[in-house]
Amino acid sequence: MKRYVAFTKKEFLEQLRTYRMLILFSVFFIFGLMSPLLAKILPEILSGMDLQGMIITIPEATAVDAYAQFFKNMTQMGIIVILLVFGGVISNELTRGTLVNVLAKGLGRHTVILAKYTAMVVMWTVALVFSGLINQGYTMYLFDTSDISNLIFSILCLWLFGVYLLSLIILSSVLAVGSFGGLILTVVVLGGLLLLDLFPKLEKVNPIYLSSRNMDFITGVLTPSDALLPVLITVILILANISASIVLFNRKRL
Amino acid sequence: MTILQLKNVYKSFGKLEVIKDLSFSVEEHSVFGFIGKNGAGKTTTMKMILGFLRPDSGEIYVCGERVSYGNTKTNRHIGYLPDVPEFYGYMNPKEYLKFCGDITGLPREITLARTKELLSMVGLENTNRRIRGFSRGMKQRLGIAQALLNEPKLLICDEPTSALDPIGRKEILDILSVARTRTTIVFSTHILSDVERIADTIGVIDQGKLMLEGSVQKIKNMRRKDTIQILLSSPETAKELAEKVKELPFVIESEFEMDTVLIKLTNAEEYGKEIMSLLVRENIPVLRYEILEPSLENVFLEVVG
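The listed protein sequences correspond, in order, to chains A and B.
Residue numbers 478 to 731, in this note's numbering, belong to the letters of the first sequence in order.
Residue numbers 365 to 669, in this note's numbering, belong to the letters of the second sequence in order.
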């Protein structure tokens, strides 16, 4: 346990001193701030443009638009930022050889995987809560939020998807070789999941569900019980990814 | 007590056989020099001892416990210095050693005390910079400190001196001489003078096979082929002498270059006086007479050459 805590602390120190933490929090801060603001001023920008006689009627922006912006940012740029910040967490150590000293001291390999995963999940959670709170505060300031439903649940779905994505990054980095092998494999798997999402019959067994139906929960089109199967499947996949990472890492040649 | 034992270990990468039937053992409190050319299989052997590579067959024991591939428990007895040690560049030496202490489960006070002691031993006690800017020699010294932190029973150093300048090499050898008082050391190298300086026993590996094993002194004596070097006043007398000694029965070979004669013979101490009496008899003036020590270099070249 002490060893696990020590390695987790090292991960946080690494994220801090290599500026990854700063990047993650800055970008998520901007997402929280920009989403409601963009929803508010977009109609004004459009109406201020010279459209040469064309008439566009734009409905007045609501809180729903602010959340739509937020989830769009998170599930597109947010995922890219997560991939860039955490993509090298294992690959870097393997290619540079920094793990050799650590493992030669008898630190269990499963401890390395679990500690890294813990640090990643904690950072993702804190960054998401941070961004969500800013977004919430600003949205409440600019809009009327009375017709918003299932907000917490919708964000929890996004969170769980992020936790799944991080487990995928770990597994891919253990499987693939080189600095970018893990990152490329993660992107390939994500691409595969996005393709699968095109088939309506498969949408509920796909973690993508948790990052693509967020607005349907907020507008009340879907209820949390609709997400039961996807949540269950994703939790199982997370556990499977991490277990597989540990087993494979134990047998990895260094 | 036997600290390290290899029994009939084989390893190949694809079709390339790297280690063939390698067996040797290292006793407690000795320094074992593992000698071989580049590509002889030294690093492969060390990685197998650490469980980083899986042997195709054979057994490896550390402190009597069998090494298993992958997540091996035997590593708690081992301190390892890789050929090019890599650290977390964003830490300073003290932070790194504290981290090492924490992940090996050492109590905090012990980690602090040993950190202080080891950093002064390797000469980094006043270096508070981050490791990112360290020279190779500094990294090598920090590497020894981290390897010794948990007082391992076995210290494995993979070519600790190969990449260093002469001063750096001397420093590392001095540190290892201090370290030998508290642990057993296995180190690989292709620099023979380093082995002669600190090793008690050596093993010469060539093409994956152990060609020679034993104490440094024993091996030197076993392969004894002494050389006497005589400096004369002129090249003519050198030529004359070189031809005359050839007739002596115990002389294996003699050659001259300018005014120096090199005589290879079976035992310089015993037959040296006959050379000297020849010099007196023939009235040859000698500027310098010297018995050249048999070096491991000669042994090495003879074994692997």
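Even for Gly, the Cβ is constructed at its ideal location relative to N, Cα and C.
By the neighbour-count definition (other C-beta atoms within 10 Å, threshold 16), B/Asp529 is an exposed residue. Sorting A/Leu714, A/Ile535, A/Gly555, A/Ala721 by C-alpha distance to the C-alpha of A/Phe505 places A/Gly555 at the top. Counting only unbroken stretches of 4 or more residues, the alpha helix (DSSP H) elements lying wholly within the region 534 to 587 of chain B are 556 to 562, 580 to 586, in sequence order. Using a C-beta cut-off of 8 Å, the region 571 to 587 of chain B makes no contact with the region 427 to 444 of chain B, since fewer than three inter-stretch Cβ pairs fall below that distance. About 6 Å separates the Cβ atoms of A/Leu671 and A/Ile685, confirming a contact at the 8 Å cut-off. With 16 or more neighbouring CB atoms inside 10 Å of its own CB, B/Asp466 falls in the buried class. Bounds of any alpha helix (DSSP H) do not take in B/Gly400, whose DSSP letter is neither H nor E. Residues of the same chain with a CB within less than 6 Å of the CB of A/Leu673, apart from the 5 flanking positions on each side, are Leu679, Asn683 in chain order.
If the five residues before and after B/Gly497 are omitted, its C-beta is found closer than 6 Å to no C-beta atom of its own chain. In its chain, beyond the 5 residues on either side, Thr548 have a beta carbon closer than 7 Å to the beta carbon of B/His393. Sequence-distant partners of B/Glu489 (beyond 5 residues in either direction) whose C-beta falls short of 8 Å from its own C-beta, in its chain, are Lys480, Leu483. As the crow flies, the alpha-carbon of A/Val708 is around 8 Å from that of A/Cys634. For A/Gly614, the enclosing alpha helix (DSSP H) covers residues 586 to 619.
The Cβ atoms of B/Phe398 and B/Ile594 lie no closer than 8 Å to each other.
Using a CB distance below 7 Å, the part of the region 451 to 470 of chain B facing chain A consists of Phe451, Tyr452, Tyr454, Phe463, Cys464, Asp466, Ile467, Thr468, Gly469, ordered along the chain. In this structure, the CA atom of A/Pro520 is about 36 Å from the CA atom of A/Tyr496. Under the three-state reduction of DSSP output, A/Cys634 falls in the helix class. Boundaries of the beta strand (DSSP E) harbouring B/Ser618: 615 to 621, taken from the DSSP string. Under the three-pair Cβ rule at 8 Å, the region 558 to 567 of chain B does not count as touching the region 593 to 607 of chain B.
Within the same chain, Leu662, Leu725 come within 7 Å of A/Leu652 by CB-CB distance, once the 5 residues on both sides are set aside. Taken in chain order, the members of the region 572 to 585 of chain A whose beta-carbon sits within less than 8 Å of a beta-carbon on chain B are Arg573, Gly574, Thr575, Val577, Asn578, Val579, Leu580, Ala581, Lys582, Gly583, Leu584, Gly585. With a 10 Å radius around the Cβ and a threshold of 16 neighbouring Cβ atoms, A/Leu580 comes out buried.
In the structure shown, B/Gln369 falls within a strand segment according to DSSP collapsed to helix, strand and coil. When B/Leu368, B/Glu459, B/Ala632, B/Arg493 are compared, the shortest CA-CA separation from B/Glu423 is found for B/Leu368.
Our two residues, B/Arg472 and B/Glu459, have alpha carbons roughly 12 Å apart in a direct line. Contact annotation for B/Leu482 against chain A: no contact, minimum CB-CB distance about 14 Å [criterion: below 8 Å].
According to the DSSP assignment, B/Glu423 belongs to the beta strand (DSSP E) that extends over 421 to 426. When secondary structure is reduced to three states using DSSP, B/Ser484 falls in the helix class. Burial check for A/Met597: the Cβ neighbour count within 10 Å reaches 16 or more, so the residue is buried. Across the region 421 to 451 of chain B, CB contacts with chain A closer than 9 Å involve Tyr433, Gly434, Asn435, Thr436, Lys437, Thr438, Asn439, Arg440, His441, Ile442, Gly443, Tyr444, Leu445, Pro446, Val448, Pro449, Glu450, Phe451, in sequence order along the chain. Going by beta carbons, B/Met410 and B/Ile508 fall outside the 8 Å limit. Close CB contacts of A/Ala721 within its chain, under the 7 Å cut and outside five residues either way in sequence, are with Leu648 (chain order). Where A/Ser656 is concerned, there is no enclosing alpha helix (DSSP H), because DSSP gives it neither an H nor an E. Separation of B/Gly415 and A/Gly583 (C-alpha to C-alpha, rounded to the nearest whole angstrom) is 10 Å. In this structure, DSSP gives A/Arg494 a helical state, which the three-state scheme calls helix.
A/Phe676 is classed as exposed because its beta carbon has fewer than 16 other beta carbons within 10 Å across all chains shown.
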